[in-house]
Amino acid sequence: MTRPLSCALIGNPSVGKSLIFNHLTGLGVEVSNYPGTTVDLMRGNVCFQREMIELVDLPGIYSLEGESEEETLVRGILKRKEVDILIAVLDATHLERNLYLLLQIAEYKIPMVIVLNMVDEAEKYGIEIDYDILSEKIGSPVIPTIASEGKNIEAIIDLATGKPSIPTVAVPYDHHVEAAVRSLTTVFGIERSAALQALVRPEGSDDLADSAQGLGAEIEKRHNMTPHQIIATNRHNFSHALAGEVTEQHSRPPRFDLDTILTRAFPGIPILIAMIIVILLLVFTAGAFFEDVIVTFFDVYAIEPFLALELPGIASAVGLSIIIALQAGMGIAFPYVFIFYLVISIIEDSGYLTRAAFLADHSMHRFGMHGQGIIPMVLGFGCSVPALMSVRLLTTRRERIIASVLVTMIPCSARTVVISGIVASFIGLAAAFSVYGIVFLLVFATGIVLSKVTPGQQFGMILEMSVLRVPRPDMVVKKAWTRLSEFLFIAMPLLLVSSVFLGIFEYLGLVSTFQDIITPYSEAVLGLPGFAATALLFGILRKEMAFETLVVLAGTADLGAVLSGVQLYIFAVVCVLFIPCISTIAVLIREIGKRWAILISLYTVAVGIIVGALLKIGMT
Amino acid sequence: MAYYIIYDSDTLYMQTSLEEDILETILLIQQNGDVPTQERILSHLSQPEASISTALEQCMHLDLIISGGSSGYHLTPAGRRAAEMISRKHAVLECFLKETLGLEAEAASREACLLEHDISEETINALDSFMQSKGGRCREHHRRPCPTPPASRPLLSFPEGEPLIVTFVSCPGRHRRLIDLGVIEGEPIIIRRKLHNEAVVISVKGCDIALSPEVASEIHARRSR
Numbered sequence: 037m038t039r040p041l042s043c044a045l046i047g048n049p050s051v052g053k054s055l056i057f058n059h060l061t062g063l064g065v066e067v068s069n070y071p072g073t074t075v076d077l078m079r080g081n082v083c084f085q086r087e088m089i090e091l092v093d094l095p096g097i098y099s100l101e102g103e104s105e106e107e108t109l110v111r112g113i114l115k116r117k118e119v120d121i122l123i124a125v126l127d128a129t130h131l132e133r134n135l136y137l138l139l140q141i142a143e144y145k146i147p148m149v150i151v152l153n154m155v156d157e158a159e160k161y162g163i164e165i166d167y168d169i170l171s172e173k174i175g176s177p178v179i180p181t182i183a184s185e186g187k188n189i190e191a192i193i194d195l196a197t198g199k200p201s202i203p204t205v206a207v208p209y210d211h212h213v214e215a216a217v218r219s220l221t222t223v224f225g226i227e228r229s230a231a232l233q234a235l236v237r238p239e240g241s242d243d244l245a246d247s248a249q250g251l252g253a254e255i256e257k258r259h260n261m262t263p264h265q266i267i268a269t270n271r272h273n274f275s276h277a278l279a280g281e282v283t284e285q286h287s288r289p290p291r292f293d294l295d296t297i298l299t300r301a302f303p304g305i306p307i308l309i310a311m312i313i314v315i316l317l318l319v320f321t322a323g324a325f326f327e328d329v330i331v332t333f334f335d336v337y338a339i340e341p342f343l344a345l346e347l348p349g350i351a352s353a354v355g356l357s358i359i360i361a362l363q364a365g366m367g368i369a370f371p372y373v374f375i376f377y378l379v380i381s382i383i384e385d386s387g388y389l390t391r392a393a394f395l396a397d398h399s400m401h402r403f404g405m406h407g408q409g410i411i412p413m414v415l416g417f418g419c420s421v422p423a424l425m426s427v428r429l430l431t432t433r434r435e436r437i438i439a440s441v442l443v444t445m446i447p448c449s450a451r452t453v454v455i456s457g458i459v460a461s462f463i464g465l466a467a468a469f470s471v472y473g474i475v476f477l478l479v480f481a482t483g484i485v486l487s488k489v490t491p492g493q494q495f496g497m498i499l500e501m502s503v504l505r506v507p508r509p510d511m512v513v514k515k516a517w518t519r520l521s522e523f524l525f526i527a528m529p530l531l532l533v534s535s536v537f538l539g540i541f542e543y544l545g546l547v548s549t550f551q552d553i554i555t556p557y558s559e560a561v562l563g564l565p566g567f568a569a570t571a572l573l574f575g576i577l578r579k580e581m582a583f584e585t586l587v588v589l590a591g592t593a594d595l596g597a598v599l600s601g602v603q604l605y606i607f608a609v610v611c612v613l614f615i616p617c618i619s620t621i622a623v624l625i626r627e628i629g630k631r632w633a634i635l636i637s638l639y640t641v642a643v644g645i646i647v648g649a650l651l652k653i654g655m656t
Numbered sequence: 039m040a041y042y043i044i045y046d047s048d049t050l051y052m053q054t055s056l057e058e059d060i061l062e063t064i065l066l067i068q069q070n071g072d073v074p075t076q077e078r079i080l081s082h083l084s085q086p087e088a089s090i091s092t093a094l095e096q097c098m099h100l101d102l103i104i105s106g107g108s109s110g111y112h113l114t115p116a117g118r119r120a121a122e123m124i125s126r127k128h129a130v131l132e133c134f135l136k137e138t139l140g141l142e143a144e145a146a147s148r149e150a151c152l153l154e155h156d157i158s159e160e161t162i163n164a165l166d167s168f169m170q171s172k173g174g175r176c177r178e179h180h181r182r183p184c185p186t187p188p189a190s191r192p193l194l195s196f197p198e199g200e201p202l203i204v205t206f207v208s209c210p211g212r213h214r215r216l217i218d219l220g221v222i223e224g225e226p227i228i229i230r231r232k233l234h235n236e237a238v239v240i241s242v243k244g245c246d247i248a249l250s251p252e253v254a255s256e257i258h259a260r261r262s263r
């Protein structure tokens with residue numbers, strides 16, 4: 037059997053590639069209005085006239101010459117000619133900027149179809165593009181589409197399977213660059229694209245890199261510009277001229293620009309703060325409500341009937357732990373992760389997220405991060421899991437690590453339950469706020485220290501502002517669903533395994549042994565009875581479980597009767613700071629690696645115990 | 039790129055060009071029957087006051103002009119000769135570009151302003167006699183003042199909403215993405231938003247791009263004419 041025809045969608049971020057991919061393959065893929073979220077390579081199959089065609093959705097990029105992960109990935113695929121046909125998607129409203137990438141792609145001499153997307157929006161802006169001239173100038177077929185309405189999308193496959201031509205367009209570079217390219221292609225027998233690449237980024241230590249470096253240095257001396265700057269300038273000028281030739285700009289109807297209010301310090305920042313508060317309130321109310329529903333549902337329809345079975349010893353212990361793990365997983369997944377992702381997808385697809393990042397840039401600098409860092413921070417108040425999953429929006433590893441540490445420490449809604457359930461109800465509201473005060477102080481201090489000690493360079497933020505548009509409900513739900521399933525896939529196995537182990541330990545009496553061992557330390561260091569330490573241990577599964585277990589082990593819901601105010605306060609503080617829950621650890625491992633996940637866990641344990649011990653000394 | 043080279047030679051010969059422009063301006067003001075005070079010279083040349091003061095001092099040092107206090111500056115015989123020469127160069131070049139090559143009057147004047155500083159006396163004489171042999175005559179002989187390009191300043195020193203042209207980006211290697219998004223020499227941009235902390239949103243090629251202060255501070259620009 038012959039290999040199926042392989043086509044790849046390529047283009048700038050947010051031009052509608054993923055939308056087209058979704059439409060053609062029907063497979064769930066993230067579509068986002070936030071630049072650069074499609075990091076994973078999505079593949080799908082399209083059946084066309086009884087033939088299988090493989091379709092790849094390449095990540096959105098601005099250029100083929102950058103250092104980012106996405107650019108390196110796409111460059112490699114083009115260089116090795118891993119795909120047969122390229123489907124270059126251009127945003128008709130920003131043709132000139134999009135042509136810059138197209139001109140680079142064209143140099144790789146791969147058969148190409150040009151999809152001019154968002155022609156409806158371009159029309160609204162009074163932009164008229166002559167498709168025939170564009171096609172003639174580039175030397176590949178051009179097809180206008182409206183991906184959001186699915187218009188003309190099927191025709192892309194017709195064109196792609198119809199043996200599209202290799203683009204003929206070639207940018208006339210500065211004559212010194214052209215001379216250097218000629219010399220490199222003849223001496224080393226490489227293609228034009230490879231010679232240009234070598235001039236732009238002379239990597240490695242082979243003869244080619246040496247020659248390219250030498251030629252590049254000479255050009256730089258002559259022009260006072262690096263070869264990359266010259267080549268980029270030539271491409272930009274060529275795109276500008278080309279766009280001018282094929283576009284006719286009619287008068288554009290005046291439109292109200294929402295950015296006049298969204299990106300100004302006033303009222304932009306109050307709007308941002310209001311948004312954050314609304315998101316948090318939504319979690320505290322809707323999230324807590326649905327969690328309660330799910331937990332009760334499990335209690336009534338799973339745990340009680342299961343206990344009524346009166347299974348023999350170990351089976352009962354294992355079964356119960358599985359149910360508890362499912363309860364914990366679902367209790368986090370649906371109410372918090374899903375609701376959060378719904379909200380964040382709406383904000384992301386509307387394009388507001390980039391405005392928030394711009395406004396927060398300054399404050400985030402103190403913690404060694406950029407504006408984008410605000411997203412995980414805000415999410416962290418709801419649930420650490422989606423917050424950590426959003427850390428990948430940050431561009432450098434340094435930022436990802438700082439954000440992960442801080443997100444882990446920010447009190448999530450589960451920890452809020454502990455604070456409100458223990459401190460607010462048994463001690464008072466002021467005391468509850470003081471717990472937040474302690475945690476925020478530690479988060480700030482950690483952030484400032486981390487921004488100084490974390491290795492890696494800090495680059496400034498260069499972020500394209502997404503166009504503001506009304507999000508599509510089906511896309512929002514689809515995206516939230518994809519992320520939810522991702523969470524279940526990462527966290528559930530770990531949650532199940534650890535819950536079963538805890539169940540077996542309990543059954544074997546190891547928990548009470550642990551309690552016996554821990555009691556003297558717990559009493560000496562934190563001033564807490566042994567059962568409270570055991571309750572803290574259960575907080576690893578789900579933070580509120582520490583609170584629930586405490587009630588169970590104390591044998592009464594009136595905790596004030598068995599523990600003093602100081603003890604309750606210390607318990608709450610330690611529980612909030614202490615080791616992240618299993619789901620969080622699982623996501624930490626996935627996002628920043630085992631080493632950092634362990635380090636962060638150890639750090640939080642240390643901080644929890646030290647602060648608890650200090651409180652004990654200070655308060656007694 | 040061509041722009042860059044001009045920019046570069048401008049920095050190299052800035053002093054002489056500016057001095058020549060000053061001599062020319064003083065002559066022009068005198069011919070219009072006005073007193074060439076420092077304010078008037080400043081208003082003719084869109085250059086920062088500091089560089090004009092330095093150039094004026096340099097001219098005095100070279101005995102090309104003398105300061106007459108309230109009666110403004112006066113050209114010395116040597117200064118007058120230099121001013122007339124540069125003025126003649128401009129007139130001949132402008133006439134050649136307009137009448138023989140058919141450039142627009144505006145463009146011819148602009149080009150002449152650039153070329154007048156570098157062209158030699160021999161070439162101008164040759165060009166002048168060539169023009170006369172061809173019978174080419176300039177109908178209007180009053181010349182326009184040379185507008186020098188507005189000075190390049192850090193991007194962050196400009197207010198919101200003003201049309202600007204990028205003059206250069208320092209550390210281009212660190213910010214490849216800036217280049218890829220179109221922030222290159224000669225590119226028209228507009229500051230869409232500037233916060234008190236100097237984070238900015240700029241509009242380039244129809245797209246809005248948010249920049250951290252440290253990135254924005256590496257971009258230099260000038261007012262677009």
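One line per chain: the protein sequences are W and B, in this order. Going by my numbering, the first residue of the first sequence is number 37, and it counts up by one from there. Going by my numbering, the first residue of the second sequence is number 39, and it counts up by one from there. For each residue, glycine too, the CB sits at the ideal point set by N, CA and C.
Enclosing alpha helix (DSSP H) for residue i [first to last residue]
i: R78/B; result: 76-82
i: K232/B; result: Element bounds for K232/B: not the alpha helix (DSSP H) but the beta strand (DSSP E), 226-232.
i: Y167/W; result: 167-174
i: C133/B; result: 115-133
i: A189/B; result: Where A189/B is concerned, there is no enclosing alpha helix (DSSP H), given that its DSSP letter is neither H nor E.
i: A393/W; result: 388-401
i: V598/W; result: 595-598
Beta-carbon contacts of residue i that lie in its chain and below 6 Å, excluding the five residues immediately before and after
i: A231/W; result: V217, L220, T221
i: I455/W; result: A468, V471, A608
i: G149/W; result: In the sequence as displayed, the identity of residue 149/W is Val instead of Gly. Same-chain partners within the cutoff: I123, P177, L195, A196, P200.
i: K243/B; result: G220
Contact list for residue i against chain W, beta-carbon separation under 7 Å
i: H234/B; result: A301
i: L209/B; result: One detail in the question is off: residue 209/B reads as Cys in this sequence, not Leu. Correct list: empty, because the minimum Cβ distance to chain W is about 11 Å.
Chain B contact residues for residue i, given Cβ-Cβ distances below 7 Å
i: R631/W; result: The contacting residues do not exist; R631/W stays about 28 Å from chain B at best.
i: H59/W; result: Ordered by position in chain B, no residue passes the 7 Å Cβ test against H59/W, which lies about 25 Å from the chain.
i: G102/W; result: R214, R215, D218
i: F394/W; result: A237, V239, A248
i: D397/W; result: A237, S250
Host beta strand (DSSP E) of residue i (start-end)
i: T283/W; result: 283-285
i: A467/W; result: Where A467/W is concerned, there is no enclosing beta strand (DSSP E), although the alpha helix (DSSP H) it sits in stretches over 465-489.
i: F84/W; result: 78-84
i: I103/B; result: 103-105
i: T25/B; result: Lying outside 39 to 263, the shown extent of chain B, residue 25/B is not represented and no answer is given.
i: P180/W; result: 178-180
is_contact[residue i, chain C] using C-beta, thresh 9 Å
i: P251/B; result: The structure shown contains no chain C; its protein chains are W and B.
Cross-chain neighbours of residue i in chain W, by beta carbon under 9 Å
i: L223/B; result: Reading off the sequence shown, one finds Glu at residue 223/B, where the question assumed Leu. Simply M261, Q265, T269.
i: A259/B; result: Chain W residues near A259/B: none, gap ~16 Å exceeds 9 Å.
i: I247/B; result: I498, L499, E500, M501
Supposed contact pair residue j and residue i - C-beta distance, whole angstroms, cut 8 Å
i: I330/W; j: M366/W; result: 5 Å
i: A364/W; j: R578/W; result: 4 Å
i: I240/B; j: I227/B; result: 5 Å
i: I618/W; j: T640/W; result: So it is not a contact: roughly 13 Å between Cβ atoms.
Partner residues on chain B for residue i, Cβ-Cβ distance less than 8 Å
i: Y98/W; result: R215, D218, L219
Cut-off 7 Å between Cβ atoms - residues of its own chain near residue i, not counting five sequence neighbours on either side
i: P40/W; result: M88, I89, E90
i: L638/W; result: none
Amino acids of chain W, ordered along the chain, whose beta-carbon sits closer than 8 Å to that of residue i
i: G244/B; result: T129, H130, E132, R133
Interface partners of residue i on chain B, CB under 9 Å
i: T490/W; result: Neighbours of T490/W on chain B: none; closest Cβ ~17 Å, over 9 Å.
i: T390/W; result: D246, A248
Residue i beta carbon near the ligand NAD (any heavy atom closer than 8 Å)
i: L126/W; result: Here there are no bound small molecules, and the ligand NAD is not part of this structure.
Every unbroken alpha helix (DSSP H) within the region 530-566 of chain W, with a cutoff of 4 residues, ordered by chain: 546-557
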